[in-house]
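According to UniProt numbering, the sequence shown is numbered sequentially starting from 1.
Structure first, commentary second.
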Amino acid sequence: MDNYSYEKTPKKTGTIISLIAIALIFVLVILGIYFYINREMNSMRASFEQDKIQLEDKINELEATQLDVDGVMKDGEFDVDVDISSGEMKLFTNTEGHYSFKYPSDWNAFVWNNGPARNSLFGPNATSEQGLGGINVNDNSPSRTIDQMLDLREQNAEVKYNNRVQTTIGNKTAITAGYVGYPVSGYTVFISGNGVVYEFYLNSLSESDKAIFDQIVASFETEE
């Protein structure tokens with residue numbers, strides 16, 4: 001019996017040591033996974049905070065830059081103080097969208113090739129696929145105002161409209177505003193008429209680009 005006990009004790013001890021080693025390895029693996037996940041979460045949190053700060057900075061920057069329409073409001077009407085006829089302006093007509101506008105000779109204007117033919121693009125180096133700005137023709141419910149349309153967009157997209165100004169352009173209800181998007185910010189004008197909303201946008205905060213944008217908006221006409 002003594003010999004038997006003497007032979008079995010080392011085996012039991014070895015088994016216990018093996019179990020302890022396995023348990024330690026398991027604990028180390030769990031700790032490793034925990035620290036890895038925690039590190040990744042901290043990295044994602046830091047990235048989110050950085051993106052949030054950048055977006056807030058853009059909002060503050062645009063809010064600090066008041067939406068300066070190059071003209072005055074006369075009896076609630078949008079009046080841009082420019083002589084379009086004196087500065088080599090070209091006429092662009094979108095037959096599908098039933099509208100036209102004038103733009104400077106050193107800019108381009110095209111029907112948007114990658115979307116509905118009633119939409120247009122314009123800008124200094126614009127093509128039929130991209131431009132500094134453009135016009136989108138949006139279907140809109142007669143019961144929904146432009147303000148409500150913009151509120152809905154803010155809920156469904158990373159964009160914020162600020163400095164909204166109610167006005168009229170060509171005897172049509174309109175809103176001018178600045179917008180902060182991610183990563184693009186700029187200016188926009190919405191004109192309601194003919195059962196649709198004409199959305200002008202300029203992806204630039206440049207004052208010189210804004211001045212031309214105002215001329216384009218002022219020259220806008222629709223086929224009644």
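Heads up, the beta-carbon is just placed ideally off N, CA and C, and yes, glycines get one too.
task = Identify whether SER18 lies in helix, strand or coil by the three-state DSSP scheme.
result = Residue state, collapsed to three classes: helix.
inquiry  = Using the Cβ count rule (16 or more neighbours within 10 Å means buried), how would you classify LEU19?
reply    = When all chains shown are included, LEU19 counts as exposed.
query = By DSSP, does ASN203 sit in helix, in strand, or in coil?
reply = Three-state DSSP puts ASN203 in coil, outside helix and strand.
ask   = Going by Cα to Cα distance, which pick from TYR198, ASN140, ASN113, TYR187 is closest to TYR161?
value = The shortest CA-to-CA distance from TYR161 to any of TYR198, ASN140, ASN113, TYR187 is the one to TYR187.
query = Would you say TRP112 and PHE122 are within 7 Å of each other, going by their C-beta atoms?
reply = Contact annotation: TRP112 and PHE122 have beta-carbon atoms that are not nearer than 7 Å.
message = Check this for me: beta carbons of SER120 and ASN94, under 7 Å apart or not?
response = Yes, Cβ-Cβ distance for SER120 and ASN94 is below 7 Å.
query = Apart from the five residues just before and just after LEU152, which ones in its own chain have a Cβ nearer than 7 Å to its Cβ?
reply = So no residue of the chain qualifies.
Alpha carbon of SER43 to alpha carbon of TYR36, nearest angstrom = Rounded to whole angstroms, SER43 to TYR36 spans 11 Å at the Cα level.
ask   = Going straight from the alpha carbon of ILE16 to that of ALA23, what length do you get?
value = When rounded, the distance between both Cα atoms is 11 Å.
inquiry  = Less than 7 Å between the C-beta atoms of VAL165 and THR176, yes or no?
reply    = A contact, by the Cβ cut-off of 7 Å.
request  = Report the partner residues of TYR187 according to the DSSP bridge assignment.
outcome  = Bridge partners of TYR187: GLY178, LEU202.
ask   = Any idea what DSSP makes of GLY97, helix, strand or coil?
value = Secondary structure of GLY97 (DSSP, three-state): coil.
key: Contacts around PHE110, its chain only, beta-carbon distance under 8 Å, and the 5 residues preceding and following it disregarded   = These residues qualify, in order along the chain: SER120, LEU121, PHE122, ALA126, THR127, SER128, GLY131.
key: Span separating the alpha-carbon of ILE216 from that of SER143   = Here the alpha carbons of SER143 and ILE216 stand approximately 28 Å from one another.
key: Coarse secondary structure for GLN130, derived from DSSP in three states   = Residue state, collapsed to three classes: coil.
request  = Use the C-beta contact count for TYR34: other C-beta atoms within 10 angstroms, 16 or more gives buried, fewer gives exposed.
outcome  = Flag for TYR34 reads exposed.
inquiry  = Spatial neighbours of TYR99 within its chain, please: C-beta separation below 6 Å, excluding the five flanking residues on both sides.
reply    = Around TYR99, the same chain offers THR222 as residues with beta carbons nearer than 6 Å, after the five sequence neighbours per side are excluded.
ALA21 versus ASN38: straight-line alpha-carbon distance, rounded = ALA21 and ASN38: Cα-Cα distance of roughly 25 Å.
ask   = For ALA218, which option in LYS172, GLY178, GLU207 has the closest C-alpha, if you only look at C-alpha atoms?
value = Minimum Cα distance to ALA218 is reached at LYS172.
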